[in-house]
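Following: one structure in C-alpha cells, then a few remarks.
Numbering (our numbering), first residue to last: 39 to 202.
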C-alpha cells in the first residue's frame, strides 16, 4: 500500500509540474500572439482551460494528501489548550470533508457521464469535453480518499489515547 501511495504521489507531482509548464507556455504564446503580433489564437483558451482543470484538481488532491489545503480552523484556535478536543474536531472535519467529497464526486461523475453519453466537444478544437471533466472526477475521488484516510488515522489515535 505504501508503494502505491508513493507512486500516486509521484504521478500527482508529475501532472502538477507538467501541467504548470504547459499552461505557462500556452499563456506566454497567447500573450505574444495577441499583443506583440496582433494575431488571435483561436481555440487556445479551450486548451488552456483543459490543462488548468488538470492542474487545479490534481493539485487540490495533492494538498489534501499533504494536509496543506486552505482551512478555517477557528475551533482549533479556540480549543488550543485541549488537545483531545482538537483531535476530535480534526476527526470530524476529515469525516465531513470525505462525505462532502463523496457527494461532489457523485455529481461530478454524473456530469462526466452526461458529457460522455452525448460525445460533447469544444467548439473550436473539438476536444472531448470529458477530458476536462475526468480531471474533476479524479481529483474529487482522490480528495475524498485522502480525507477518509485522515479520519481513520485520527480516529485510531483517539481510540489509543494518543493525544499530544
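Quick reminder that beta carbons are idealized off the backbone N, C-alpha and C, glycines included. Predicted model, so just to flag it, every value in this text is computed and none were measured.
query	result
DSSP beta-bridge partners of residue 159	166
Cβ-Cβ distance between residue 193 and residue 129 below 9 Å	yes
Proximity of residue 102 and residue 184 at Cβ, strictly below 9 Å	yes
Cβ neighbours of residue 133 in the same chain (closer than 7 Å, five flanking residues each side left out)	189
Enclosing alpha helix (DSSP H) for residue 54 [first to last residue]	40 to 69
Proximity of residue 54 and residue 93 at Cβ, strictly below 9 Å	yes
Selection from 104, 122, 108 and 81 that minimises the alpha carbon distance to residue 163	81
Buried or exposed by the 16-neighbour rule on C-beta atoms within 10 Å, applied to residue 96	buried
C-beta atoms of residue 98 and residue 181 nearer than 9 Å	yes
For residue 131 and residue 108, the rounded distance between their alpha carbons	13 Å
Simplified DSSP assignment, three categories, for residue 106	coil
Option in 46, 87 and 67 with minimal Cα separation from residue 57	87
Contacts around residue 124, its chain only, beta-carbon distance under 7 Å, and the 5 residues preceding and following it disregarded	114 and 117
Cβ-based burial, residue 119 [other Cβ within 10 Å; buried from 16]	exposed
Cβ neighbour criterion (16 or more within 10 Å) applied to residue 106	exposed
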